[in-house]
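Reviewing the structure listed below.
Residue numbers (the UniProt record's numbering): 1 to 190.
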């Protein structure tokens with residue numbers, strides 16, 4: 001067997017799997033095929049991963065900023081915390097794109113808010129680098145850690161302070177921290 005045949009075998013095998021067919025249907029926006037595959041008894045393909053990239057269908061729909069598909073996949077049990085082969089989660093993608101509706105939905109679905117990518121950057125740090133004030137406030141209000149360091153040893157607060165004392169970024173952080181501090185403490189189930 002030649003090297004090309006050996007390398008093609010896993011990809012060829014994946015292309016025959018229901019998981020691959022599901023990811024392809026989601027990428028192609030084919031709701032009928034995706035739903036049919038999800039409705040198979042005992043199906044767990046909602047979290048199937050592309051063998052080449054490690055991406056799930058949720059990664060694909062977040063990349064295209066498709067809130068309808070994000071909601072659908074999360075309702076069907078998609079795990080928002082699965083990272084691709086580069087260690088990137090859907091929440092990190094949404095943050096990098098400024099896809100605030102996606103960030104809100106992923107957080108609501110239990111996405112880990114302080115997850116780091118390979119550079120140690122958190123979604124909050126990404127929002128700060130982009131100077132996305134609404135997203136910064138959303139992350140801080142939802143408990144993002146301003147003191148978690150990236151691989152360079154800097155925190156989200158450090159990056160905000162590097163933008164200067166008159167920066168709207170620091171004002172957004174302080175506003176969100178103030179709003180969070182004003183919330184009454186609750187006990188028991190919500």
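By construction, the Cβ of each residue, glycine as well, lies at the ideal position given by its N, Cα and C atoms. Source: prediction; values computed, not measured.
Residue i - partner residues in DSSP beta bridges
i, result
"residue 149", "155"
Cα-Cα separation, residue i to residue j
i, j, result
"residue 19", "residue 84", "15 Å"
"residue 61", "residue 54", "14 Å"
"residue 63", "residue 161", "30 Å"
"residue 178", "residue 141", "9 Å"
"residue 138", "residue 77", "24 Å"
"residue 44", "residue 108", "21 Å"
"residue 73", "residue 134", "25 Å"
"residue 30", "residue 36", "10 Å"
"residue 163", "residue 169", "8 Å"
"residue 71", "residue 16", "27 Å"
Residue environment, residue i, which counts as buried when at least 16 other CB atoms sit within 10 Å
i, result
"residue 105", "buried"
"residue 41", "exposed"
"residue 21", "buried"
"residue 32", "exposed"
"residue 92", "buried"
"residue 96", "buried"
"residue 49", "buried"
"residue 176", "buried"
Closest by C-alpha distance to residue i, when choosing among the options
i, options, result
"residue 144", "36, 162, 161, 121", "121"
"residue 136", "109, 99, 117", "99"
"residue 159", "48, 128, 181", "128"
"residue 173", "151, 80, 82, 132", "132"
"residue 90", "24, 59, 26", "59"
For residue i, the three-state DSSP class (helix, strand or coil)
i, result
"residue 18", "helix"
"residue 47", "helix"
"residue 131", "coil"
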